[in-house]
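Residue numbers (our numbering): 14 to 144.
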Ligand code: TYD
C-alpha cells in the first residue's frame with residue numbers, strides 16, 4: 014500500500030495541510046469529497062480500469078480496504094489528516110465510515126466516467142488477473 018504524508022504547517026493556533034505537486038506521480042484532474050455518511054456504512058465496492066486516486070480523511074476516521082485480486086486484502090484506517098493513500102487501477106476498494114461526520118476527500122486523475130468502473134467482483138477478478 015502506498016501511503017504518503019502531506020506537509021503540515023502549524024499556523025496561528027491552527028494547522029494547514031498541503032498536498033502539492035504530483036505527490037503520487039499523476040496529475041490531478043478532479044477533486045471531490047463525500048460526507049453525511051452514517052457510521053458503519055461501507056461505500057466503494059468497485060475498481061477502476063484506468064483511474065488513479067488518492068484518498069484522504071481530513072476529518073473523522075474511515076477504514077479503507079484495498080484488494081488487488083491477488084488473494085490478500087490490505088486494510089488501513091485513515092484517521093490522520095496528514096495521511097494520503099494511493100488507489101490505482103485494478104484495485105477493488107471499500108471505505109467504511111467509523112466516526113460521525115467523517116469526510117472522505119479524493120484526488121482523481123480523470124473526470125468522472127462510469128465506463129471506467131468495474132462494479133462486479135467477478136469481472137474485477139478477471140480484469141485483475143490480466144494486469
Ligand atoms: P461511487 O464512485 O460509486 O461512490 P462511492 O465510491 O463513494 O461508493 O459513485 C456513487 C454514485 O455517484 C454513482 O452513481 C456515480 C456518481 N458519481 C458521479 O456522478 N460523479 C462523481 O464524480 C462520482 C465520484 C460519483
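Even for Gly, the Cβ is constructed at its ideal location relative to N, Cα and C.
Distance cut-off 8 Å: residue i Cβ against heavy atoms of the ligand TYD
i           : result
residue 108 : yes
residue 36  : no
Bridge-paired residues (DSSP) for residue i
i           : result
residue 125 : Paired residues: none, contrary to the question.
residue 108 : 56, 77
residue 137 : Residue 137 is not bridged to any residue.
residue 118 : 46, 69
residue 63  : Bridge partners of residue 63: none, in fact.
Problem - Complete beta strand (DSSP E) runs within the segment 21-55 (minimum length 3 residues, chain order) - result: Whole beta strand (DSSP E) segments, 3+ residues: 27-31, 43-47.
Handout entry: Any residue whose CB is nearer than 6 Å to a heavy atom belonging to the ligand TYD, listed in chain order
Key = The filter returns 45, 47, 56, 57, 59, 125, in chain order.
Handout entry: the segment 115-123 contacting the segment 66-83, beta-carbon criterion three pairs below 8 Å
Key = A contact exists between the segment 115-123 and the segment 66-83.
Exercise for the section: Count the C-beta pairs between the segment 95-106 and the segment 47-64 that are closer than 8 Å, then say yes if the count reaches three, no if not. Expected result: yes
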